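Down below is the structure, laid out as structure tokens.
Residue numbers (the numbering used here), protein chains in the order written: chain F, 456 to 837; chain B, 456 to 837; chain D, 456 to 837.
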């Protein structure tokens, strides 16, 4: 990094402990994002109110987590979209997530993030995602500032920009988890914030932590990611989840993907072309039973009624077409699993739940470990 | 218990520390509810993520709380309805509640439930009850995941079943406190959950913690439960509270209950017959003054306008009929008290508040102690 | 203080540890507010559940904060309106606020308020203010009971009085922060509560913590309060903020205030007369550039559309009249600053944000320090 930016970072750093000076020398909206390089700590952590303290903590953590050499490579300041992660970074995140499983089962509870505050800025309600993030923060000893409905925030009511809202909230917290109704909102927030921002879903756009927990679940359940066969079933046209999952799977070797969906909600060409360009084998099929018999993972999704508007009959037809039930289980391999992003209606019958291969509730639980891992890495470094 | 189920419990137990193995060997929806018998810890606590740790803690706690022999007797995994408790269990809960009074007054705050997370899943708003439970959890050093309005939860919006929601939330927390608009919802949630569930009111159904705090208040204020005389006043037809209270009072000796209510909202026959069958003396009266002069407890309730629909005049007539005011205080005995589940409108005049016998705000405070006690017993055992 | 009230206070004090006795000897609604005099701890703290513990804590704190002699002078039990504070008390609060800046930047986080619970009772949503208070409490190690919308509280729904709600909530918490839609509501709550109450805005009435953070910001940014020149710009007729600020500035020497506002929203006579009576020089001007060139502080405010009703054109005209932009910055002195209570629309152009003299986001951050200071003083004393 250039001497100039190094100098600048230092002035910022000092500034943290002398708000006024910092303010004079470096207004909030300026923010270097280059890495210090000599450690795994994110730039934002460095510039956060934790200052030197972080250095020391992260130092301590290197021992118990990934080697500091790792840290240098997998530098990220925010979690905005699934595509931002390369395979090595995903592996590193999953390694931390696995360590979180034992931390979470420890009754005394971790104090790793003691003294840190997470703000959950939700512009549309998503109790499932919000609780998962808040549980993650609290399981690590951190605390939370919650907004179940940030639309009521002055901004929405009085026309404040998202940027101004972020500048205010970053003064009260150490990391922001944001759910927004506009695609791209997370990117805007991250560009403004001097603290880390995690995208908890921005409209039709991205929901990166869901994509990460899906891949993590496959790796935990099947034991590998290279060479797996995945059947994506249901609403492949509108499902944000399956699209992101397809993107991430393309980072692994010899993956084969089967698309099984009603004609009205087929997987779109952009994804198919992307997979082909990445050398990922894919195939469309109308036979769920045959696909299920060949796959390691049957990933079922909900047909989203809201997408069909008037055409209720079209919806009903699409909805009933591919159901995961006992017949599907019967042909699935012993080691294979059924996944679903939840919530489910009847696209997976309830009698499937008791089968050990029903992985969807474990999948939901894995969301906790992935979020714990991301909070840890963003706030303390690797 | 059968060797099979013992074996199973163990696999579950081990499973806790190896989620995948556990998942394969024991899917979430299977769950033995028989007691281990050799300690006061609830089955669910044993199977919770706290594992062995619990054993140790509970062991330690036996010293400071009830003897372990007690633990064996009063085994319960969830709090669903007032009737589930026998007299001995009530006494044991009240003993713990009393110990909570001193814990709560200790400025440094207890760390008894440090590392535990309570999820408050409220499908209809009830700030009073929610704050009381959340205060109880935090006064014991635990933390909380809140949903002020769980109807917005994916489930309501997208048609997820309560069971699926519970299976998700139990992955993020250690105990669930649920308020629901449907009678029986708490029982369904408890049947699904592998962690303890407390019913914070399910529609017209039960509100057991209110019933417990009422009986606890009588015992604290009057010093006994056997041989007391209680006047139930106001809306006895629709009041969930007075019905549950009558049920619980039937567990004590030589109790006499007076029903004082407008004709349109008289106590229903099912309760009267139940009391008779239990040998509880009861009497209907239209003279509040005469009843008040004889009772240890005058339990006033609000006439619920919402029950009268169009008939506003009927409501107004019923509402004005029995008011607890200075005249009523004048005839009450020195040791007697006035109770009310709150909120009150004008069925108790404000000038009564300053009388030492006005126990309704102390009654609300007792709700905190009862909820602290239940959280402690369900999570740590006796 | 009279022997009688001292005696009474003691009975209360004892009562805290024996609820029933306390209840008999001193019902909740009675409450002496005179000071003990021999220490800086507020009466309410003394009567709070923390009891003796407080004495000790406060004793310890005298060392690190203001001398105990200070404590005696600046006695206050609640924060209801800006006018309640004299200059000396403001100085003392600002001194504590400054110490909070370093506490907040300490990564391990303070445990000063560990074991204390703050209830945020918001009858109308104000996420900005709520998050700021909750962050303040948590930065000091305390915890929070939240109600994002207390209108749903039984009270609103079923007609409970504010007084009854307060008597219930004070049983669950140690301090209440209340936002209400009715002017005077905070005063009523404080008169009822036996624990401290902070007014977080009551309708068109007061928003004292905003006024305090404004004055604190001026002192932090300019380095003095005596002899400053402040330009109040924008909606001076309806802006609760600028009116309270004018009140507080009158407590300092040789202050000069310039009013710059569209004719439809001019500063009202009551304030002008108050300033004159206090010997504060003030002047109305239509020339923002000329005023900006002379002032230490340019305090811009939002023209509140909601006040114009039908007259959109009047609003648009008023709104566009005085904008703080690069031209204004050009004439401002090096040491001067631009302030704004936020949220802002376009009355300050975005290109101003990067100028070190743009103080409005630091101003928002100062709200955190002021609220930390008030929580500390009200709960632990000076």
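Each residue gets a CB set at the ideal place from its N, CA and C atoms; glycine is no exception.
As the structure is a prediction and not an experimental result, all values here were calculated from the model.
For residue i, the three-state DSSP class (helix, strand or coil)
i: residue 577/D; result: strand
i: residue 813/B; result: strand
i: residue 822/F; result: helix
i: residue 463/F; result: Confidence at residue 463/F is low in this model, with a pLDDT of 32, below 50, so the placement of that residue is unreliable and no value is reported for it.
i: residue 601/D; result: strand
i: residue 830/B; result: helix
i: residue 410/F; result: No answer is possible for residue 410/F: it lies beyond the span of chain F, which begins at 456 and ends at 837.
i: residue 720/D; result: helix
i: residue 556/D; result: helix
i: residue 755/B; result: strand
i: residue 572/F; result: strand
i: residue 494/B; result: Residue placement at residue 494/B cannot be trusted, given a pLDDT of 42 that sits under 50; what the coordinates show is reported in the next sentence. Residue state, collapsed to three classes: coil.
i: residue 657/D; result: strand
i: residue 596/D; result: coil
i: residue 589/D; result: helix
i: residue 548/B; result: helix
Residue i versus the options, residue with shortest Cα-Cα distance
i: residue 651/F; options: 535/F, 754/F, 815/F, 549/F; result: 535/F
i: residue 822/D; options: 755/D, 662/D, 771/D; result: 662/D
i: residue 657/F; options: 685/F, 629/F, 617/F, 531/F; result: 617/F
i: residue 780/B; options: 753/B, 763/B, 659/B; result: 753/B
i: residue 774/B; options: 715/B, 739/B, 726/B, 740/B; result: 715/B
i: residue 717/B; options: 771/B, 675/B, 702/B, 808/B; result: 771/B
i: residue 708/F; options: 735/F, 563/F, 695/F; result: 735/F
i: residue 693/F; options: 724/F, 674/F, 705/F; result: 724/F
i: residue 584/F; options: 602/F, 597/F, 570/F, 691/F; result: 602/F
i: residue 796/B; options: 619/D, 666/D, 571/D; result: 619/D
i: residue 732/D; options: 831/D, 580/D, 782/D, 706/D; result: 706/D
i: residue 695/D; options: 586/D, 660/D, 742/D, 737/D; result: 660/D
i: residue 673/B; options: 710/B, 803/B, 600/B, 834/B; result: 710/B
i: residue 653/B; options: 742/B, 588/B, 806/B; result: 588/B
Same chain, Cβ closer than 6 Å to residue i, neighbours up to 5 away in sequence not counted
i: residue 529/B; result: 544, 547
i: residue 493/F; result: Note that residue 493/F scores 37 on pLDDT, short of 50, meaning its location in the model is unreliable; the coordinates nonetheless yield the value given after this. Excluding positions up to five away in sequence, the list is empty.
i: residue 690/F; result: 720, 756, 758, 759
i: residue 824/D; result: 552, 555, 556
i: residue 727/D; result: none
i: residue 636/F; result: 578, 579, 658
Cβ neighbours of residue i in the same chain (closer than 7 Å, five flanking residues each side left out)
i: residue 828/B; result: 548, 551, 552, 555
i: residue 483/D; result: Note on residue 483/D: pLDDT 34, under 50, position unreliable in the model; the coordinate value appears next. Correct list, in chain order: 622, 649.
i: residue 719/D; result: 769, 773
i: residue 564/F; result: 594, 596
i: residue 750/D; result: 684, 685, 686, 713, 791
Whether residue i touches residue j by CB criterion (9 Å)
i: residue 792/B; j: residue 813/B; result: yes
i: residue 729/F; j: residue 755/F; result: no
i: residue 680/F; j: residue 537/F; result: no
i: residue 633/B; j: residue 568/B; result: no
i: residue 578/D; j: residue 645/D; result: no
i: residue 573/D; j: residue 533/D; result: no
i: residue 598/B; j: residue 598/F; result: yes
i: residue 701/F; j: residue 712/F; result: yes
i: residue 590/D; j: residue 571/F; result: no
Neighbourhood of residue i by C-beta distance below 8 Å, restricted to the same chain and skipping five residues each side
i: residue 748/B; result: 786, 787, 788
i: residue 558/B; result: 565, 567, 594, 595, 827
i: residue 799/F; result: 755, 757, 815
Give me the subset of the segment 616 to 632 of chain F whose CB atoms are less than 7 Å from a CB atom of chain D, sorted by chain position. 619, 622, 623, 624, 626, 627, 628
Anything in the segment 779 to 801 of chain B with a Cβ closer than 8 Å to a Cβ of chain D? List those residues in chain order, please.
If you check each beta-carbon in the segment 779 to 801 of chain B against every beta-carbon of chain D, the ones closer than 8 Å belong to 797, 798, 799, 800.
Problem - Residues of the segment 733 to 753 of chain B with Cβ closer than 7 Å to any Cβ of chain D, in chain order - result: none
Exercise. Closer than 7 Å, Cβ to any Cβ of chain B: which residues of the segment 817 to 835 of chain F, in chain order?
Worked result: Answer in chain order: 817, 819, 820, 823.
Exercise. Of all the residues that make up the segment 636 to 662 of chain F, which are near chain D by a beta-carbon distance shorter than 9 Å?
Worked result: Near chain D, meaning a CB-to-CB distance below 9 Å, no residue of the segment 636 to 662 of chain F qualifies.
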